[in-house]
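Q:
Number of protein chains: 2
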Amino acid sequence: MTTLKDVARLAGVSASTVSRTLSGNIHVDEQTQQKVWAAIKELNYKPNILAKSLKEGRTNTVALIIPNIRNPIFPAVTRGAEDIARKNGFTLILCNTDEDLAIEKDYIDKLTNRWVDGFIFATARDDSNHIMELKAQGIPVVFMIRSIGNDPDAVTVDNRSGAYKAVDYLISRGCTRIAFINGPLDIDLYRQRLDGYKNALKKHGISIDDGLIVNDVNDQDNGYHAMLKLLDKGIKMDAVFAASDPKAVNAIKAIKSRGLSVPGDISVIGFDDLDIANIVEPSLTTIAQPAYDIGAIAMDTLIKLISGHKNTGPTVLDTHLVVRQSVR
Amino acid sequence: MTTLKDVARLAGVSASTVSRTLSGNIHVDEQTQQKVWAAIKELNYKPNILAKSLKEGRTNTVALIIPNIRNPIFPAVTRGAEDIARKNGFTLILCNTDEDLAIEKDYIDKLTNRWVDGFIFATARDDSNHIMELKAQGIPVVFMIRSIGNDPDAVTVDNRSGAYKAVDYLISRGCTRIAFINGPLDIDLYRQRLDGYKNALKKHGISIDDGLIVNDVNDQDNGYHAMLKLLDKGIKMDAVFAASDPKAVNAIKAIKSRGLSVPGDISVIGFDDLDIANIVEPSLTTIAQPAYDIGAIAMDTLIKLISGHKNTGPTVLDTHLVVRQSVR
DNA sequence: CACCCCTTTGCAATCGATTGCAACCATTAT
DNA sequence: ATAATGGTTGCAATCGATTGCAAAGGGGTG
Numbered sequence: 054m055t056t057l058k059d060v061a062r063l064a065g066v067s068a069s070t071v072s073r074t075l076s077g078n079i080h081v082d083e084q085t086q087q088k089v090w091a092a093i094k095e096l097n098y099k100p101n102i103l104a105k106s107l108k109e110g111r112t113n114t115v116a117l118i119i120p121n122i123r124n125p126i127f128p129a130v131t132r133g134a135e136d137i138a139r140k141n142g143f144t145l146i147l148c149n150t151d152e153d154l155a156i157e158k159d160y161i162d163k164l165t166n167r168w169v170d171g172f173i174f175a176t177a178r179d180d181s182n183h184i185m186e187l188k189a190q191g192i193p194v195v196f197m198i199r200s201i202g203n204d205p206d207a208v209t210v211d212n213r214s215g216a217y218k219a220v221d222y223l224i225s226r227g228c229t230r231i232a233f234i235n236g237p238l239d240i241d242l243y244r245q246r247l248d249g250y251k252n253a254l255k256k257h258g259i260s261i262d263d264g265l266i267v268n269d270v271n272d273q274d275n276g277y278h279a280m281l282k283l284l285d286k287g288i289k290m291d292a293v294f295a296a297s298d299p300k301a302v303n304a305i306k307a308i309k310s311r312g313l314s315v316p317g318d319i320s321v322i323g324f325d326d327l328d329i330a331n332i333v334e335p336s337l338t339t340i341a342q343p344a345y346d347i348g349a350i351a352m353d354t355l356i357k358l359i360s361g362h363k364n365t366g367p368t369v370l371d372t373h374l375v376v377r378q379s380v381r
Numbered sequence: 054m055t056t057l058k059d060v061a062r063l064a065g066v067s068a069s070t071v072s073r074t075l076s077g078n079i080h081v082d083e084q085t086q087q088k089v090w091a092a093i094k095e096l097n098y099k100p101n102i103l104a105k106s107l108k109e110g111r112t113n114t115v116a117l118i119i120p121n122i123r124n125p126i127f128p129a130v131t132r133g134a135e136d137i138a139r140k141n142g143f144t145l146i147l148c149n150t151d152e153d154l155a156i157e158k159d160y161i162d163k164l165t166n167r168w169v170d171g172f173i174f175a176t177a178r179d180d181s182n183h184i185m186e187l188k189a190q191g192i193p194v195v196f197m198i199r200s201i202g203n204d205p206d207a208v209t210v211d212n213r214s215g216a217y218k219a220v221d222y223l224i225s226r227g228c229t230r231i232a233f234i235n236g237p238l239d240i241d242l243y244r245q246r247l248d249g250y251k252n253a254l255k256k257h258g259i260s261i262d263d264g265l266i267v268n269d270v271n272d273q274d275n276g277y278h279a280m281l282k283l284l285d286k287g288i289k290m291d292a293v294f295a296a297s298d299p300k301a302v303n304a305i306k307a308i309k310s311r312g313l314s315v316p317g318d319i320s321v322i323g324f325d326d327l328d329i330a331n332i333v334e335p336s337l338t339t340i341a342q343p344a345y346d347i348g349a350i351a352m353d354t355l356i357k358l359i360s361g362h363k364n365t366g367p368t369v370l371d372t373h374l375v376v377r378q379s380v381r
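If you're matching them up, the sequences are chains Y and V in order. The first sequence begins at 54 in the numbering used here and counts up by one. The second sequence begins at 54 in the numbering used here and counts up by one.
#1: Tell me, please, which residues DSSP counts as bridged to Ser320 (chain Y).
#2: Given a threshold of 16 other Cβ atoms within 10 Å of its Cβ, counted over all protein chains shown, does Thr229 (chain Y) qualify as buried or as exposed?
#3: Just checking my contact of Pro125 (chain Y) with Pro299 (chain Y) at CB under 8 Å: how many whole Å lie between their CB atoms?
#4: Are the C-beta of Thr165 (chain V) and some C-beta of chain Y separated by less than 8 Å?
#5: Given Ile122 (chain Y), which residues of its chain have a CB within under 8 Å of its CB, disregarding the five upstream and five downstream residues?
#6: Closer than 8 Å by beta-carbon distance: list the chain Y residues that pair up with Ser106 (chain V), in chain order.
#7: For the beta strand (DSSP E) containing Thr209 (chain V), name the first residue and the last one.
#8: Ignoring anything shorter than 3 residues, give me the beta strand (DSSP E) runs that lie fully in the stretch 168 to 205 of chain V, in order along the chain.
#9: Near Ser67 (chain Y), what residues of its chain come up, given a Cβ to Cβ distance below 7 Å and the 5 sequence neighbours on each side ignored?
#10: Cutting at 7 Å between CB atoms, please list the residues of its own chain near Ile161 (chain Y), excluding the five before and the five after it.
#11: Between the C-alpha atoms of Val89 (chain V) and Thr112 (chain Y), what's the straight-line distance to the nearest angstrom?
#12: Which chain Y residues sit within Cβ distance under 7 Å of Ile332 (chain V)?
#13: So if DSSP puts Ile118 (chain V) in a beta bridge, which residue, or which two residues, is it bridged to?
#14: Determine, using beta carbons only, whether Pro120 (chain V) comes closer than 8 Å to chain Y.
#15: Is the beta carbon of Asp239 (chain Y) less than 8 Å from the beta carbon of Asp180 (chain Y)?
#16: Kindly indicate which residue of V:Val208, V:Leu107, V:Asn101, V:Asn97 has the alpha-carbon position closest to the one of Pro100 (chain Y).
#17: Alpha carbon to alpha carbon, how far is Asn303 (chain V) from Ala295 (chain V)? Give it in angstroms, no decimals.
#18: Distance, Cα to Cα, Lys309 (chain Y) vs Ile261 (chain Y)?
#19: By DSSP's criteria, Ile234 (chain Y) is part of a beta bridge. Which residues make up the other side?
#20: Within the same chain, show all residues whose beta-carbon is closer than 6 Å to that of Gln378 (chain Y), passing over the 5 residues directly before and after it, in chain order.
#21: Return the residues of the stretch 125 to 146 of chain Y that lie within a Cβ-Cβ distance of less than 9 Å from chain V, sorted by chain order.
#22: Confirm, please, whether the CB-CB distance from Thr339 (chain V) to Arg325 (chain V) is below 8 Å.
#23: Is the beta carbon of Pro211 (chain V) sitting closer than 8 Å to the one on Thr372 (chain V)?
#24: Return the chain-ordered list of same chain residues with a C-beta closer than 6 Å to the C-beta of Met290 (chain V), the five sequence neighbours on each side being excluded.
#25: Using a beta-carbon distance below 8 Å, is Pro237 (chain V) in contact with chain Y?
#26: Please decide whether Asn149 (chain Y) counts as near chain V, where near means a Cβ-Cβ distance under 8 Å.
#27: Report the neighbours of Thr339 (chain Y) on chain V: residues whose CB is nearer than 8 Å to its CB, in chain order.
#28: Using a Cβ-Cβ distance under 8 Å, would Trp168 (chain V) count as near chain Y?
#29: Taking 8 Å as the threshold, find out whether the stretch 166 to 178 of chain Y comes into contact with the stretch 194 to 206 of chain Y through three or more Cβ pairs.
#30: Quick check: is the beta carbon of Arg311 (chain Y) nearer than 8 Å to any beta carbon in chain V?
#31: List the residues of chain Y whose Cβ lies closer than 9 Å to the Cβ of Arg123 (chain V), in chain order.
#32: Using 8 Å as the threshold, is the C-beta distance between Lys218 (chain Y) and Leu374 (chain Y) below it?
#33: Just to confirm the assignment, what range does the beta strand (DSSP E) spanning Thr70 (chain Y) have?
#34: Counting only the same chain and skipping the five closest in sequence on each side, list residues whose C-beta sits under 6 Å from that of Ile102 (chain V).
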């Protein structure tokens, strides 16, 4: 490893001069600079970022905390975040928690002290006090996709209106018995989507049937079983609103497995607009949310926060209906 | 920020004693330890990992360099790598390069100097001299999925035999005119899969028709157009072997778009066994490779390399045929 | 009682870069 | 000729932890 001192020795100057030549903050004589640059090139010197970070109290590194990169919503989000990080000279640490609080706390502990400059969380739940404590310590934190309360440092979509659009569309296509396959209610976005679902029904004078609502469904094959259970109970329905595309895809599988057709017997609408929406058959009508942009804007927000900028309120992005073939 | 010195002052000892209490390497009197632990707890002291890393010349951080996390093979691989990293106290930096050499070199430059302890590359090509230079500098590097030459620090699958299995299976189902939709040949794995394809044909006495082979196809919608072109040229075929599941899914789309049926008119077999293989219709018969394990073993290999262990040869994992419904 | 040894602890150097302060030199004004 | 000015540069402290070396203190032995 060649260090500043090595360069200084070869150039016949002091380490300070080399440092100043590199940073460019303080003026160094033209001739001296040339000698320094020559020495740097000759030794192929690269500054030790660790030492620099220690001195400056800043690492230009941020952590992205997500449930699981294998859940297909996250690659796009992650990519958005990484692109913006890279463009701003930041490096991204990826942390999968599987929604496990112990793992999440471990990561926070390990990364907190002078290690990373900030965090993006896509794992917020109502009981995520540990994240609020982080914030309280003054560490830059941005929420993404899910938030807590009405935190100003958050990038989400308008889940209420998104869900409303989905159900409103189903009703416009003549559906009236609309099941809702939803996620856990201690995550704000699922409460909001439930709200949107109910609002749309109310708006059209359709009464809410709790028997049609299934919460706590995950994005793995859980949605398949949830749908089967609904069907096998003999509950009558002409449509399903799934709170995510993976849930919708699994619901379609379940419906088909019982010999019913989509959308002939039951219409299905999702939420996300992932790549799989175009692969499943019939192709999935869904509410699109800008996954890449969410990640990108979250990272942008975090970097601004790190640079001392304060947010006046959360960023709430819009969704839009993408009509394909899974609704009659 | 509370530091070692703060703890030392409160406990009435020197910084060295606190350090030694923390590390446990050198014996410290029981009573003194108690005072130190009390002070640590009272101040909620967390060591500055940056300072520690600077002193020790080790960061317990590794970089994972992949083309694009949005390509569905990589989430699983990444997850495998991250799990093993975490279990060994390592932190993972994620870098997407989009196969862009400039971005890759930027990342390497930024991360090299005392920053990360090692790299995993899933981006190797024949002309990746910059990676060989990294290795030559003594920096721990592991290749994953793709390799260069017969590098001992690599984790891949047996692509030749995998491709052979695919084509052999198609032939066993009565197919004889088998198209091959492949990736770029400056990546060793695609050369190997081409080899396997040819070997299987030869073995069964089927002559190789270059008009049936399309190389340089990417995993985005490129496969769709490649397939369309084959069909529209009027080339006769009864099967397609796609060198990845995304290519296979796009080929199926293209075949259907021309009014043909899978597997009725044309059988399709893929390579990967991603989640989408079960979503596409008909479900995709494919050659399964253990994506998660590849990532996990690659990380394990890297960590051993970092600890001074030398590999005697590459790890080559096996593939297996998964029969579904896309082959007649 | 003196000496030695061992355990425990502190001092100070070190990792590699940054930066305030002071010194130095050359130039210009008095 | 002397002093003041300003542009360059070097010294040394600093970021926060680790660790070799030496010293202090206690106990045991001859």
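Using N, Cα and C, we set each Cβ at its ideal position, and we do this for glycine too. No experiment lies behind these values; they were computed from the predicted model shown.
A: Inspection of the coordinates gives the following:
#1: Y:Ala292
#2: exposed
#3: 7 Å
#4: yes
#5: Pro128, Thr131, Leu147, Asn149
#6: Leu103
#7: 207 to 210
#8: 171 to 174, 194 to 197
#9: Ala61
#10: His183, Leu187
#11: 29 Å
#12: Val302, Ile329, Ile332, Val333
#13: V:Cys148, V:Phe174
#14: no
#15: yes
#16: V:Leu107
#17: 9 Å
#18: 26 Å
#19: Y:Val267, Y:Ala295
#20: Pro335, Ser336
#21: Pro125, Phe127, Pro128, Ala129, Thr131, Arg132, Glu135, Asp136, Arg139, Gly142, Thr144, Leu145, Ile146
#22: A small correction: the amino acid at residue 325 (chain V) is Asp; Arg does not occupy that position in the sequence shown. Taking 8 Å as the Cβ cut-off, Asp325 (chain V) and Thr339 (chain V) qualify as a contacting pair.
#23: Residue 211 (chain V) is actually Asp in this sequence, not Pro. Cβ distance < 8 Å, so Asp211 (chain V) and Thr372 (chain V) count as in contact.
#24: Arg230, Ala232
#25: no
#26: yes
#27: What Thr339 (chain Y) touches in chain V: nothing, since even the nearest Cβ is about 14 Å away.
#28: yes
#29: yes
#30: no
#31: Pro128, Ala129, Thr131, Arg132, Asp328, Tyr345
#32: yes
#33: Taken as a continuous stretch (DSSP letters only), Thr70 (chain Y) belongs to no beta strand (DSSP E), being part of the alpha helix (DSSP H) at 68 to 76.
#34: none
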